[in-house]
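Asks: I am attaching a structure below and will ask some questions about it afterwards.
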Amino acid sequence: MAVDESAMAFMAVDEATMAFMAVNEAAMAI
């Protein structure tokens, strides 16, 4: 299922983006 694999990769990128935004917000809070 190539489509399923690409969807999982997209979700992984989305999670990494959310983690990056969380770190960015923490940095601004400092």
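Our numbering runs 10 ahead of the 1-based position in the sequence shown.
We put the CB at the ideal spot given by N, CA and C, even for glycine.
Quantities reported herein were computed from a predicted structural model and do not represent experimental measurements.
Determine the direct distance from the alpha carbon of Phe20 to that of Val33, and round the result to whole angstroms.
Replies: Approximately 20 Å, taken between the alpha carbons.
Asks: In whole angstroms, what separates the C-alpha of Thr27 from that of Ala12?
Replies: Each residue's alpha carbon lies about 22 Å from the other.
Asks: Starting from the C-beta of Glu15, find all residues in its chain whose C-beta is less than 7 Å away, skip the five residues before and the five after it, and write them out in chain order.
Replies: The answer is none, since no qualifying residue turns up.
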